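The structure appears right after this line, and notes come after that.
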Amino acid sequence: MNAVEDPDYGILASHIDQRVRSVVLSYPFLWTNIQLEGPLSQAKARAFLQRSQNLPVDIYLRYFSQKDADVLLYVAQINEFRRLFKEIAAASNRWRTLSFDIRDYDIMTYAARAIPHPLPLLEKIILRCRTAPHTPTEEHVFTLFPEGQPPKLKHIDFDAVNARWDRPFVQGLETMRIVRSVQCVPETVEQLCASLRVSPGLKRLQLESLNSVTSGDTIRHVPLEELDILIFWKVNPDVVGRMLEYIQCPNLRVLEIQLTSSRRNMPIIEALGTSMIPLTNLHMLGLGGCDYPPDIIYTVLRRLSTLKAIRVIGGSLPHALLHGLSGKLDFDGTGNMTEWICPQLESLQIKNATNITDNDVCKTVARRYKNRQTQRIRSVWLGGCPHITDEIERKLEHYKTSVQLA
Numbered sequence: 014m015n016a017v018e019d020p021d022y023g024i025l026a027s028h029i030d031q032r033v034r035s036v037v038l039s040y041p042f043l044w045t046n047i048q049l050e051g052p053l054s055q056a057k058a059r060a061f062l063q064r065s066q067n068l069p070v071d072i073y074l075r076y077f078s079q080k081d082a083d084v085l086l087y088v089a090q091i092n093e094f095r096r097l098f099k100e101i102a103a104a105s106n107r108w109r110t111l112s113f114d115i116r117d118y119d120i121m122t123y124a125a126r127a128i129p130h131p132l133p134l135l136e137k138i139i140l141r142c143r144t145a146p147h148t149p150t151e152e153h154v155f156t157l158f159p160e161g162q163p164p165k166l167k168h169i170d171f172d173a174v175n176a177r178w179d180r181p182f183v184q185g186l187e188t189m190r191i192v193r194s195v196q197c198v199p200e201t202v203e204q205l206c207a208s209l210r211v212s213p214g215l216k217r218l219q220l221e222s223l224n225s226v227t228s229g230d231t232i233r234h235v236p237l238e239e240l241d242i243l244i245f246w247k248v249n250p251d252v253v254g255r256m257l258e259y260i261q262c263p264n265l266r267v268l269e270i271q272l273t274s275s276r277r278n279m280p281i282i283e284a285l286g287t288s289m290i291p292l293t294n295l296h297m298l299g300l301g302g303c304d305y306p307p308d309i310i311y312t313v314l315r316r317l318s319t320l321k322a323i324r325v326i327g328g329s330l331p332h333a334l335l336h337g338l339s340g341k342l343d344f345d346g347t348g349n350m351t352e353w354i355c356p357q358l359e360s361l362q363i364k365n366a367t368n369i370t371d372n373d374v375c376k377t378v379a380r381r382y383k384n385r386q387t388q389r390i391r392s393v394w395l396g397g398c399p400h401i402t403d404e405i406e407r408k409l410e411h412y413k414t415s416v417q418l419a
């Protein structure tokens, strides 16, 4: 149990006394979580791989070089990394998790291209680079698993790396997170959809900074019956709209759309309020960077009657949202008051809102508590709101609401 929470627990336990050390060294499970960072990584990798015997191992490598400091120092760091990589590559047949968090993109490219084959136990791969070029060329793009039997992956996480795969090397994925630079390779959406088609059991899909375009035929007929979480951050509106329209995900519970321009993305938000996009089981809706007219937001929320949580980041939306949640509204202009918006709402999260005050939040909570036909708001999370004071915590305690303030 301690080995799961503290990867270096085996080292600490082995320093107690000789009797405990002999027990620890003969228990291979304590040495399967290998966290590598710093100058002693090579010796640590060798010791952990030897003590873990034949069990599957999880490799987490963080390597931050200093490319601009000195040329000779940088060359020495590259040679040091190659020796470290050779050490862990010797046990590639036991890799279960492979995580590279590397600052220098040249070293990341070398590591990605040098991944050996085959990888029979690999379930999760994480590649993250902090200096990836925003305009990648062919030299910056590398192909993963170009030959041999592809691994049986369940989770992939590509953060600021320009990875390409000529064939779907993922089948049966459970989670996928793709973060690209703003100027992406044109094949991004095509290879993404090809992988989605062979992963019908996908449960989480997160796309960030994806600026590629696509046609409707590329995304059409992609069934994701088990998709539970779908997140878009700064993705081309064309891709977002087509994926929401064409991808079949009846069990979707969490949808988060962080957009940069309200004008370009207005059709997407409007479509959420119609039957064009089926969201029959949605429990959480996240919106960010938006300045949308209140009537459009009201229409969307009115349709999503199953919502239990709303998360809003920035924009002028929070004030209109709170106004809609705190009372009945006249949608058709006839003066007839319609039903409450989001009757099942339990959680309200607002961050970086500049146009809401204590009274706006308290009035929303108070009105909903008086309405016995609705579920009560159980938690209110407020962060980075300049007009929210510490006094709101005492005010909301009056309504027995759990409050978290940032």
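Take any residue in the sequence shown, count from 1 to its spot, add 13: that is its number in the working numbering. Think of the CB as a built atom: it goes at the ideal place given N, C-alpha and C, for glycine as much as any other residue. From a predicted model like this one, the values you see are computed outputs, not experimental measurements.
- By the 16-neighbour rule on beta-carbons within 10 angstroms, methionine 121 is buried.
- Taking C-alpha positions only, arginine 391 is separated from valine 416 by approximately 8 Å.
- A Cβ-Cβ separation of about 13 Å leaves isoleucine 281 out of contact with glycine 301 under the 8 Å criterion.
- Given a length threshold of 4 residues, each whole run of the alpha helix (DSSP H) inside the stretch 283-318 is given here in chain order: 307-316.
- DSSP, reduced to helix, strand and coil, places arginine 217 within a strand of the structure shown.
- Taking a C-beta distance under 8 Å as the contact criterion, leucine 237 and isoleucine 260 qualify as a contact pair.
- Taking every protein chain shown into account, the CB of isoleucine 169 has 16 or more other CB atoms within 10 angstroms, so this residue is buried.
- In the structure shown, glycine 23 adopts helical secondary structure according to DSSP, grouped into three states.
- In the three-state DSSP reduction, lysine 57 falls in the helix class (H, G or I).
- By the 16-neighbour rule on beta-carbons within 10 angstroms, threonine 45 is buried.
- Leucine 295 sits close to leucine 265, with the two beta carbons spaced by under 8 Å.
- Under the three-pair Cβ rule at 8 Å, the stretch 86-93 does not count as touching the stretch 127-134.
- Glutamine 362 places its beta carbon less than 8 Å from that of arginine 324.
- Judged by beta-carbon spacing, alanine 104 lies beyond the 8 Å limit of leucine 135, meaning their Cβ atoms are not closer than that value.
- Leucine 97 places its beta carbon less than 8 Å from that of serine 54.
- Look at valine 192 here: in three-state DSSP terms it is strand.
- With at least 16 other beta carbons inside 10 angstroms of its own, phenylalanine 245 counts as buried.
- At a cut-off of 4 residues, the continuous stretches assigned as alpha helix (DSSP H) that sit fully inside the stretch 349-413 are 371-383, 404-410.
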